[in-house]
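Everything on this sheet refers to the single structure shown next.
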Amino acid sequence: MSVSTQNLPPQFEVVDSPLDSQMTISMGPQHPSTHGVLRLELVLDGESVVKCTPDIGYLHTGMEKLFEYKKYQQGIVITDRMDYLNPLGNNLAYVMAVEKLLGLEIPERAQTIRVLMCELQRIASHMVWLGTHALDIGAMTVFFYCFREREKILNLIEAASGGRLTPSYFRIGGLMMDLPAGFERRLKQFTDNFPDAVDTFNTLLTGNTIFQKRTQNVGIISPEDAIDWGLTGPSLRGSGVALDIRRANPYTGYENYDFEIPVEGDCDVWSRYLVRMRELGESLKIVKQAAARLKPGSVKADAPKVVLPDREAMKTHMDALIHHFLIVAEGFDVPKGEVYHPIEASKGELGCYVKSDGGPKPARVHFRGPSFVNLSALPHMAEGEMVADVVAIIGSIDIVLGEIDR
Amino acid sequence: MPEDINRKKQLEEQSATTTDANDAASPLVTVLQSGNYDWAGEIMQAFGEITIIIPRERIAEVCQLLKTAPGLEFNLLSDITGADRGVEEEPRFEVNYQLFSIAKYHRLRLKILLNEDDVRVPSVTNVWRTANWHERETFDMFGIIFEGHPDLRRILLPEDWQGHALRKDFPLRGYEPYSLT
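Order-wise, the sequence lines are chains D and P. Under our numbering, the first residue of the first sequence carries the number 11, and numbering increases by one thereafter. Under our numbering, the first residue of the second sequence carries the number 1160, and numbering increases by one thereafter.
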C-alpha cells in the first residue's frame, strides 16, 4: 500500500518497505518521562533504538534577547526561570558575572549565606531528580518522600527570600536581605532529619534489585567520550572524571569548605545515580559547615551606587534616598568588558557570559546551560539501547527544559 | 612574620585576578608566550580572564593544537557563543569559544571577529563533538555559518523562522504584530 507523502514535512515522511523493519516514532513533547517539552525522534528496529534525534525549542522564550532590554538588576528575575529547579544557582552565576565586571567585594556573611542556600538548593534539585528518575523507572513511592524533603527546603528558601520557585535572593553586591530570625533553628531541624530521609531512599532504591537491573550497564559513556561531548557535573563524575568547578575554579569561598567529590567509574545510569546520592551527603556537610560559620555582619557590599540602601536609611538619609531613586529609575553603569563566570550548578557547569558596552543594560548575556550540553550527548548514550532504557538515560542526565530552551 | 608573607601572597593573588594588563602574567600566559605561536600575538588579560583573537580560517587548527599541546591541554569546550557588536560596527559579529582544561583547571577564551558580509567560520565539531549544538545555536541566533558542520539546522527556533533573533536589528517582539491568537 502506498501512502502519499507529498504534503508531509520531511520528518514525517513514511518509509514503507517490506524488507525494512525500522519504524520512526516521536517520543514527546507530551510524554511525561521526557521531563518537560522534549521531543525525541526515535528510529526503532524492534525494541532497540537505531537513531535518536532530540528536538528542542518548545519552551524557547527568548530570555537572552530580553536581557539586552533590561537593566542589570532586572536580569536576576529572568535567571530564576531558566533552570527552575535550581534558581539560586542561576542567580549566583549571573550576579557573580556582573560583580566581576564591577569589581565588587562581597562581605563574608553574604558569601557564607550564598554557599548555604546554594547547597540547600542543590539538595532540592537532586530531590526532584531522584523522585522523577525513580518514577520513570517504575518506583513510585520514592517520589512522595523526595517531594516531602524538597518541601522542607522550599519552606526554608521561602522564609529567607519570600519566593519558593523564583526566589531572586542573590542581588548584585550581596543579598536581598539577611536571614530571618529563627532561620538557624529551622535549618537545624532540617539538617538533623535529612540523613534519615537519605537512609529511606537508599533502602527503597539502592538495595533494590529491580532498580539495579534497570540501571546497571545502561547508557554507557566512556570518560573520553564524556569529555568530548562536554558533559559536566554528576553526569561526568559518573564516568570517573573527578571534575567539580567548586574545586577547579573556586568561587564565593568554596575553597574553605571541607567536602569530597563523589566519583563512580562504571559510566552507566547506575553510577550517575550513585554520584548524585553521595552528593546529597556532601551538600549537607557543606550546609552544616556554612551554618556554623555564620557570623553577624552586613550582607550587602559597600557600594551605594549599585546596592539598594536599607529601607530605614532611606527614610532618614537624603543621599540614601537619592541613590535608591537613581538605581531604580536609571540603573547603574557597568564598565566595558566581557566575562565568563562558571559555577557548579546541580546539573553541571553553569556558565554566564556577560558583555558590557558600558551603560545600565548588558550588550549580551549568554548562559551555558549544563542541561543543554548534557542533552546533546543523549544520542550517543541512547543509540543501541532498548526504547524503555531511553527513559532511564534521560532521567540519569537530569535535564530541565527551561534551561535548554531558555 | 609568616602572617606578613601570607598577606603578601594574598595580595599578589588578588592583583593577578584584577583587570590591569601590567600585572604579573598568569602561568597560562607564560606557556602561551613560550610556545611562540604566531596566532597568539596579542594576549589580552581582563577581569582575570585571558582572551586571544584568532584569524577565523585558523580556528580549527588552533583548537586542535590547544587540545593536545602539553602544558595547555584544553580538552573540554565549555561554550561557544556569538555576539552582535552593533549594526554600525565593523567587524560586526564575534564568536567566542570558552575553553577549559580538566587537567590544569585553566580557562581561555578564543575570539573570532566577522564582517557582516562574510559570516563563514570553519566548524570545530571535528575537534570536540560538543561543538555541534553550540554551533547550531549560534547559527540559529546570529546567522553565522559554520563550514563543515555535519547538521547545521536551526535548533531553538522553528525551521521556518525568518531572520536571526539575537541580531541587534531584530526587534524584541519580532516583525509580526503582537497577537495571542
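Positions of the beta carbon are idealized from the N, C-alpha and C atoms, including for glycine. All values reported here derive from a predicted model rather than from experimental measurement.
With DSSP as the reference, label residue i as helix, strand or coil.
i, result
"asparagine 1291 (chain P)", "helix"
"glycine 99 (chain D)", "helix"
"serine 36 (chain D)", "strand"
"methionine 287 (chain D)", "helix"
"phenylalanine 180 (chain D)", "strand"
"histidine 334 (chain D)", "helix"
"proline 370 (chain D)", "coil"
"phenylalanine 211 (chain D)", "helix"
"proline 389 (chain D)", "helix"
"threonine 1176 (chain P)", "Because the pLDDT of threonine 1176 (chain P) is 46, which lies under 50, any placement of that residue in the model is unreliable, and the number read from its coordinates should be weighed accordingly. Helix."
"histidine 143 (chain D)", "helix"
"glutamate 413 (chain D)", "helix"
"glutamate 1318 (chain P)", "coil"
"phenylalanine 193 (chain D)", "helix"
"methionine 1300 (chain P)", "helix"
"asparagine 1181 (chain P)", "Bear in mind that a pLDDT of 45 at asparagine 1181 (chain P), under 50, signals an unreliable position, so the number given afterwards is only what the model happens to contain. Asparagine 1181 (chain P): coil per DSSP, three-state reduction."
Could you check how far apart the C-beta atoms of residue i and residue j are, in whole angstroms? I think they sit under 8 angstroms.
i, j, result
"arginine 1244 (chain P)", "glutamate 1275 (chain P)", "Their Cβ separation, rounded to whole angstroms, is 10 angstroms, which puts arginine 1244 (chain P) and glutamate 1275 (chain P) out of contact at 8 angstroms."
"leucine 1345 (chain P)", "valine 1221 (chain P)", "No answer is possible for residue 1345 (chain P): the residues shown for chain P start at 1160 and end at 1340."
"isoleucine 414 (chain D)", "isoleucine 66 (chain D)", "5 angstroms"
"alanine 1102 (chain P)", "methionine 1300 (chain P)", "A query on residue 1102 (chain P) cannot be resolved here, the shown segment of chain P reaching from 1160 to 1340 and no further."
"proline 272 (chain D)", "serine 249 (chain D)", "Going by Cβ atoms, the distance from proline 272 (chain D) to serine 249 (chain D) rounds to 13 angstroms, so no, they are not a contact pair."
"isoleucine 147 (chain D)", "alanine 402 (chain D)", "6 angstroms"
"glutamate 1253 (chain P)", "proline 1281 (chain P)", "Actually they are not in contact, since the Cβ atoms of glutamate 1253 (chain P) and proline 1281 (chain P) sit about 16 angstroms apart, beyond 8 angstroms."
"leucine 1267 (chain P)", "leucine 1258 (chain P)", "5 angstroms"
"leucine 360 (chain D)", "glycine 379 (chain D)", "7 angstroms"
"valine 105 (chain D)", "tyrosine 267 (chain D)", "About 20 angstroms; that fails the 8 angstroms criterion."
Please list, in chain order, the chain P residues whose beta carbon lies closer than 9 angstroms to that of residue i.
i, result
"aspartate 209 (chain D)", "Going along chain P, no residue has its Cβ under 9 angstroms from aspartate 209 (chain D), so there is no contact; the nearest lies around 34 angstroms."
"asparagine 266 (chain D)", "Simply none; closest approach about 13 angstroms."
Against chain D, does residue i count as a neighbour if the rule is that its beta carbon must be under 9 angstroms from one of theirs?
i, result
"alanine 1324 (chain P)", "yes"
"isoleucine 1261 (chain P)", "yes"
"phenylalanine 1298 (chain P)", "no"
"leucine 1331 (chain P)", "yes"
"aspartate 1179 (chain P)", "Its pLDDT being 46, under 50, aspartate 1179 (chain P) is placed unreliably by the model, and the measurement read from it follows with that caveat. No, its Cβ sits nowhere closer than 9 angstroms to a Cβ of chain D."
"serine 1193 (chain P)", "no"
"glutamate 1220 (chain P)", "no"
"aspartate 1328 (chain P)", "no"
"phenylalanine 1206 (chain P)", "yes"
"threonine 1210 (chain P)", "yes"
"arginine 1321 (chain P)", "The question names arginine, but residue 1321 (chain P) is glutamine in the sequence shown. Taking Cβ atoms only, chain D never reaches closer than 9 angstroms to glutamine 1321 (chain P), which makes this a no."
"aspartate 1243 (chain P)", "yes"
"glutamine 1268 (chain P)", "Note on identity: in this sequence residue 1268 (chain P) is arginine, with glutamine being the wrong assignment. At least one chain D Cβ lies under 9 angstroms of arginine 1268 (chain P)."
"tyrosine 1196 (chain P)", "no"
"isoleucine 1304 (chain P)", "no"
So that I know if they touch, is there some Cβ in chain P lying closer than 9 angstroms to that of residue i?
i, result
"phenylalanine 382 (chain D)", "yes"
"valine 316 (chain D)", "no"
"arginine 282 (chain D)", "no"
"alanine 7 (chain D)", "The displayed coordinates of chain D run from 11 to 416. Any statement about residue 7 (chain D) would go beyond what the structure contains."
"proline 319 (chain D)", "no"
"isoleucine 66 (chain D)", "yes"
"glycine 347 (chain D)", "yes"
"lysine 61 (chain D)", "no"
"asparagine 100 (chain D)", "no"
"asparagine 259 (chain D)", "yes"
"histidine 327 (chain D)", "no"
"tyrosine 79 (chain D)", "yes"
Could you tell me which chain P residues have their CB closer than 8 angstroms to the CB of residue i, listed as they occur along the chain?
i, result
"glycine 183 (chain D)", "Result: empty, since nearest Cβ-Cβ is about 17 angstroms, beyond 8 angstroms."
"glutamate 74 (chain D)", "Met1300, Leu1325"
"lysine 371 (chain D)", "Neighbours of lysine 371 (chain D) on chain P: none; closest Cβ ~12 angstroms, over 8 angstroms."
"tyrosine 104 (chain D)", "Within 8 angstroms Cβ-Cβ: nothing; tyrosine 104 (chain D) doesn't reach chain P, min ~15 angstroms."
"tyrosine 82 (chain D)", "Residues of chain P passing the Cβ test: none, with the nearest at roughly 16 angstroms."
Which bits of chain D does residue i rub up against, with CB to CB less than 8 angstroms?
i, result
"asparagine 1291 (chain P)", "Ser386"
"leucine 1315 (chain P)", "Ile66, Gly67, His70, Asp415, Arg416"
"tyrosine 1256 (chain P)", "Result: empty, since nearest Cβ-Cβ is about 10 angstroms, beyond 8 angstroms."
"tyrosine 1334 (chain P)", "Chain D residues near tyrosine 1334 (chain P): none, gap ~14 angstroms exceeds 8 angstroms."
Along chain D, in chain order, which residues have C-beta atoms closer than 7 angstroms to that of residue i?
i, result
"asparagine 1234 (chain P)", "Ile237"
"arginine 1288 (chain P)", "Asp238, Trp239"
"threonine 1240 (chain P)", "Tyr363, His376"
DSSP puts residue i in a beta bridge; with which residues?
i, result
"methionine 324 (chain D)", "Paired residue(s): none; methionine 324 (chain D) is not in a bridge."
"threonine 63 (chain D)", "D:Glu51"
"proline 1281 (chain P)", "P:Glu1306"
"asparagine 1255 (chain P)", "P:Thr1240, P:Lys1270"
So residue i contacts chain D; which residues on that side make the cut at Cβ distance below 9 angstroms?
i, result
"serine 1237 (chain P)", "Gly240, Thr242, Tyr350, Pro352, Glu359, Gly361, Arg378, Val383"
"asparagine 1285 (chain P)", "Here the premise fails: no neighbours, minimum Cβ distance about 11 angstroms."
What residues of chain P sit near residue i, judged by a beta carbon separation below 7 angstroms?
i, result
"leucine 253 (chain D)", "Ile1261"
"lysine 110 (chain D)", "Phe1206"
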